[in-house]
Amino acid sequence: MSILVDRDTRLLVQGLGGAGKFHVDRSIAYGTQVVAATHPTRAGEVELFEGDVDTSGVPGRSGRYRAEVPIFPTVRAAVAETGANASVVFVPPPFAADAIMEAAEAGVALIVVITEGIPIQDMVRVKRYLEGRPSRLVGPNCPGVITPHQCRIGIMPGYIHQAGRIGVVSRSGTLTYEAVKQLTDAGLGQTTAVGIGGDPVNGTSFVDALAMFEADPDTEGVIMIGEIGGAAEEEAAAWIAESMTKPVAAFIAGTTAPPGKRMGHAGAIISGGMGTAAEKIAALRAAGAVVALTPSDMGDAVVEAMRAAGRL
Amino acid sequence: MKIHEYQAKDLLRARGISVPVGRVATDPDEAVRAVRPLIEASGNPVVVVKAQIHAGGRGKGRFSEHPDLGGVTVVLDGIEGGVEATEAAVRALAERMLGSTLVTVQTGPEGKQVNRIYVEQGISIVQELYLSVVLDRSLGRNVMMASTEGGTEIEEVAEHTPEKIFRAVIDPAVGMLPFQAHALAWQLGLRGEAAKSARRFLAAIADAAVALDTDMLEINPLVVTEDGGVMALDAKVSFDKNALFRQQALAPLRDLSEEDPAEVEAATYDLSFIKLDGTIGCLVNGAGLAMATMDTIKEEGGEPANFLDVGGGATTENVTAAFKIIMKDRSVRGIFVNIFGGIMRCDTIANGVVQAVKDVGLEVPLVVRLEGTNVELGRSIIEGSGVAGLQSALSMRDGARKIVELAA
Numbered sequence: 001m002s003i004l005v006d007r008d009t010r011l012l013v014q015g016l017g018g019a020g021k022f023h024v025d026r027s028i029a030y031g032t033q034v035v036a037a038t039h040p041t042r043a044g045e046v047e048l049f050e051g052d053v054d055t056s057g058v059p060g061r062s063g064r065y066r067a068e069v070p071i072f073p074t075v076r077a078a079v080a081e082t083g084a085n086a087s088v089v090f091v092p093p094p095f096a097a098d099a100i101m102e103a104a105e106a107g108v109a110l111i112v113v114i115t116e117g118i119p120i121q122d123m124v125r126v127k128r129y130l131e132g133r134p135s136r137l138v139g140p141n142c143p144g145v146i147t148p149h150q151c152r153i154g155i156m157p158g159y160i161h162q163a164g165r166i167g168v169v170s171r172s173g174t175l176t177y178e179a180v181k182q183l184t185d186a187g188l189g190q191t192t193a194v195g196i197g198g199d200p201v202n203g204t205s206f207v208d209a210l211a212m213f214e215a216d217p218d219t220e221g222v223i224m225i226g227e228i229g230g231a232a233e234e235e236a237a238a239w240i241a242e243s244m245t246k247p248v249a250a251f252i253a254g255t256t257a258p259p260g261k262r263m264g265h266a267g268a269i270i271s272g273g274m275g276t277a278a279e280k281i282a283a284l285r286a287a288g289a290v291v292a293l294t295p296s297d298m299g300d301a302v303v304e305a306m307r308a309a310g311r312l
Numbered sequence: 001m002k003i004h005e006y007q008a009k010d011l012l013r014a015r016g017i018s019v020p021v022g023r024v025a026t027d028p029d030e031a032v033r034a035v036r037p038l039i040e041a042s043g044n045p046v047v048v049v050k051a052q053i054h055a056g057g058r059g060k061g062r063f064s065e066h067p068d069l070g071g072v073t074v075v076l077d078g079i080e081g082g083v084e085a086t087e088a089a090v091r092a093l094a095e096r097m098l099g100s101t102l103v104t105v106q107t108g109p110e111g112k113q114v115n116r117i118y119v120e121q122g123i124s125i126v127q128e129l130y131l132s133v134v135l136d137r138s139l140g141r142n143v144m145m146a147s148t149e150g151g152t153e154i155e156e157v158a159e160h161t162p163e164k165i166f167r168a169v170i171d172p173a174v175g176m177l178p179f180q181a182h183a184l185a186w187q188l189g190l191r192g193e194a195a196k197s198a199r200r201f202l203a204a205i206a207d208a209a210v211a212l213d214t215d216m217l218e219i220n221p222l223v224v225t226e227d228g229g230v231m232a233l234d235a236k237v238s239f240d241k242n243a244l245f246r247q248q249a250l251a252p253l254r255d256l257s258e259e260d261p262a263e264v265e266a267a268t269y270d271l272s273f274i275k276l277d278g279t280i281g282c283l284v285n286g287a288g289l290a291m292a293t294m295d296t297i298k299e300e301g302g303e304p305a306n307f308l309d310v311g312g313g314a315t316t317e318n319v320t321a322a323f324k325i326i327m328k329d330r331s332v333r334g335i336f337v338n339i340f341g342g343i344m345r346c347d348t349i350a351n352g353v354v355q356a357v358k359d360v361g362l363e364v365p366l367v368v369r370l371e372g373t374n375v376e377l378g379r380s381i382i383e384g385s386g387v388a389g390l391q392s393a394l395s396m397r398d399g400a401r402k403i404v405e406l407a408a
């Protein structure tokens, strides 16, 4: 088992620009079922992907792959024709919000948004639009979602992943890769790794991801990687204390960030004593999580949390 | 993106929001010329001279050249001396303020040079309130915050008297609703003419925040005037950088002299850079990893000289630009490169680093930690580069430890 995506996920691509094409190609090489794409002017065409199979992906595949992905004018048409149940959005920032809402309107169950730089007010509107609709949004400004050896949606390097026992949820891209690599090296592997993105307004929260991992029978422990700014980590800590039975390890980036300075991610801004690393670390510790002090210790923190829970 | 108070007030005025009349000046003559029309228009002999810098706390701030002088000064000379006395006082103030350095709680001890002053009509104030529109990240919605404690930092009010802060959550589908504006005005204790005027004001501010894509819109103080109106006595506005593509009118308002030149240069290469006070330069891909790298350096006893995120698709060009920017900082005594090569392969990155170092010239020790795709190849390129002072590290902690030792 896993969360969000698996071998049955049928992926639609919104945004076949340079980056979109490159990463969709990597996903197909990994073994992901990419069934459709949308494009405002290229409807009716077919996008051809071919190359050498990524042998770190879905098992039992070798040699070359060749996929002809049909391009549709609208998400509705793509879903009706292909039964796509997940979408990945690479659409540029000015048009990304519209793309997300189009996917939601068409009933796409999972919408993963890689696009970085979407205006905050656009995401405020998107979040409102998604209220009451069954679609789940992951991101924006995130590396995506991967269930090792089954399905890769996004931009993460597939080969560092190994199917296993730990759920990974993170606000940061490269820090997710660090954690994943350490879990693979430690032989623990991952059930699913979810990047929830560094923007101040996003779809899936830490709490959402933790709840899904808690409910997933194959996930035995979780590592969550947070950052300064906002209160998402504190909310996660409260949820862990209340409802989580599985061991949790955590890392919070930005212990040394000076207040009031914005560190790359729009989310990573601290002001007025809200959302500092110290506050987040204290909240997570109080909830029973093992907190790694440096990113090099993330794997060890998971091992410690699993041992303490008698699961290792 | 931040703008000056006078620019913020111009934007609000253009949206029909009540602000005092004022004129900006860059030299004493200009400041003096502003006085007479202001007094004639307002009928009030009092004017206020306000230093314009991108930092708050100006009223309580002091000029390092003139320790007796604050960044906001009320000129009362005109009450008895007439317009000429006001003009003379404004000239004296302009001469002292312009070109001098204002130090406030937000500027840091080095302060900021004042290049512009704002000469504004005096306002007879009955009451000072607080108003702002900010994003509530947990809700994913804009929230209007109002408080009876005008003129005080809202963080202080939140800490000591949180019951004096009132909130209205704005639904983006319908905007701020009349009942919400009414409720806030009522909670602020406003009645009659002032309440009526406040309701219009609050709704207009809520709309402005969305229409202008503000990150933060703060009116502190919002004042109730003697005639029962409300007015923005100060305005602090910053904008969502991601929305500037559709806010073309804001582009000319950017004041590069208020920004760190290195940060401005970095932005032209798509680098996210923030200057810090330490001695270890950092070059990292990804904002989270960049922050974590700074944390690790600190953990090993060093102090980071900067935050620098080269982004996901690091190229030789932007790595070279990043090196140049880091090396310009004279306090840098060592550089730590920490890259997780995901899609971008480590050998490509290693070649980029070696090329950049050869182009720029290496004056301080450099430790490179690579992880990810083709890591062995990447490390052997670093180790075989023949560049003196260049070392490879096996882990982030190992790298941080090495560079802290080398830079000591």
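Residue numbers (our numbering), protein chains in the order written: chain A, 1 to 312; chain B, 1 to 408.
For glycine and all other residues, C-beta sits at the position ideal for the given N, C-alpha and C.
None of the values given here were measured: they were computed from a predicted structure.
Practice item. Please report how far the alpha carbon of Glu120 of chain B lies from the alpha carbon of Ala267 of chain B, in whole angstroms. Key: 35 Å
Review point. Given Thr55 of chain A, which residues of its chain have a CB within under 6 Å of its CB, disregarding the five upstream and five downstream residues?
Key: none
Check your understanding: Is the region 100–114 of chain B in contact with the region 243–255 of chain B, if contact means three or more CB pairs nearer than 8 Å?
Key -> no
Check your understanding: What's the gap between the Cα of Met145 of chain B and the Cα of Ala292 of chain A?
Key -> 36 Å
Check your understanding: Pro172 of chain B CB to nearest chain A CB: under 7 Å?
Key -> yes
Point to revise | chain A contacts made by the region 347–371 of chain B, where a contact means CB separation under 7 Å | key: Glu371
Review point. On the three-pair Cβ rule with 8 Å, is the region 6–16 of chain B touching the region 25–37 of chain B?
Key: no
Practice item. Please find out if some non-hydrogen atom of the ligand NAP comes closer than 6 Å to the beta-carbon of Val88 of chain A. Key: Because no ligand of any kind appears in the structure shown, any question about the ligand NAP cannot be addressed here.
Point to revise | Beta-carbon spacing of Ala283 of chain A, Glu234 of chain A below 7 Å | key: yes
Check your understanding: Which residues, in order along the region 165–181 of chain A, keep a beta-carbon less than 7 Å from a beta-carbon of chain B?
Key -> Arg171, Ser172, Gly173, Thr174, Leu175, Tyr177, Glu178 and Lys181
Practice item. Can you give me the Cβ contacts of Ala55 of chain B inside the same chain, cut-off strictly under 7 Å, excluding the 5 residues immediately before and after it? Key: Thr104, Gln106, Thr107 and Lys112
Exercise for review: Mind checking who Ile225 of chain A pairs with in its DSSP beta bridge?
Suggested key: A:Ser170 and A:Phe251
Review point. Does Thr74 of chain A come within less than 7 Å of chain B when only Cβ atoms are used?
Key: no
Practice item. Tell me whether Gly132 of chain A is buried or exposed, calling it buried when 16 or more other Cβ atoms sit within 10 Å of its Cβ. Key: exposed
**Study point:** Selected residue, minimal CA-CA separation from Glu300 of chain B, among A:Glu45, A:Ala37 and A:Thr256
**Key:** A:Thr256
Check your understanding: With DSSP run on the structure shown, which of helix, strand or coil describes Lys112 of chain B?
Key -> strand
Review point. Using 8 Å as the Cβ pair cut-off and three pairs as the minimum, do the region 355–369 of chain B and the region 397–408 of chain B touch?
Key: yes
Practice item. Determine the contact status of His149 of chain A and Val24 of chain A, defining contact as a CB-CB distance below 7 Å. Key: no
Practice item. Look at the Cβ atom of Val74 of chain B, then the Cβ atom of Arg36 of chain B, and state whether they are nearer than 7 Å. Key: no
Check your understanding: At a Cβ threshold of 7 Å, is Ile270 of chain A touching chain B?
Key -> The pLDDT assigned to Ile270 of chain A is 46, lower than 50, so where the model puts this residue is not dependable; a value taken from the coordinates is nonetheless given after this. Judged by the 7 Å Cβ criterion, Ile270 of chain A is not in contact with chain B.
Check your understanding: Just the Cα atoms here: how many angstroms apart are Glu45 of chain A and Ser331 of chain B?
Key -> 57 Å
Check your understanding: With 7 Å set as the bound, which would you pick, yes or no: does the beta-carbon of Thr294 of chain A sit closer than that to a beta-carbon of chain B?
Key -> yes
Point to revise | Closest Cα partner of Ala322 of chain B within the set B:Asn242, B:Met291 and B:Val284 | key: B:Val284
Practice item. Return the chain-ordered ranges of every alpha helix (DSSP H) run that is complete within the region 127–192 of chain B and spans a minimum of 4 residues. Key: 154–160 and 178–187
Exercise for review: Using a Cβ cut-off of 7 Å (strictly closer), state whether Arg96 of chain B contacts chain A.
Suggested key: no
Check your understanding: So, does the CB of Glu227 of chain A fall closer than 7 Å to a CB anywhere in chain B?
Key -> yes
Review point. In chain order, what residues of the same chain lie with their CB nearer than 7 Å to the CB of Val303 of chain A, ignoring the 5 residues before and after it?
Key: Ala186 and Leu312
Check your understanding: Mind listing which residues of the region 112–138 of chain B have their C-beta closer than 7 Å to chain A's C-betas, in chain order?
Key -> Leu135, Arg137 and Ser138
Practice item. Output, in chain order, the set of chain A residues within a Cβ distance shorter than 7 Å of Glu299 of chain B. Key: Leu293 and Thr294
Point to revise | Length at least 3, wholly inside the region 268–293 of chain B: the beta strand (DSSP E) runs in chain order | key: 272–275 and 280–284
Exercise for review: For Phe245 of chain B, go through chain A and note every residue whose CB falls closer than 8 Å to its CB, in chain order.
Suggested key: Pro93 and Pro94
Point to revise | Any C-beta of chain A under 7 Å from that of Asn242 of chain B | key: yes
Exercise for review: Could you tell me whether any Cβ in chain C is nearer than 7 Å to the Cβ of Asp329 of chain B?
Suggested key: No chain C appears in the structure shown, which is made up of the protein chains A and B.
Check your understanding: Does Arg125 of chain A get closer than 7 Å to chain B when you measure Cβ to Cβ?
Key -> yes
Check your understanding: Counting only beta-carbon atoms, is Gly288 of chain B nearer than 7 Å to chain A?
Key -> yes
Practice item. Grab the span of the alpha helix (DSSP H) containing Val105 of chain B for me, first residue to last. Key: Looking at the DSSP string, Val105 of chain B is not in any alpha helix (DSSP H), and its letter there is neither H nor E.
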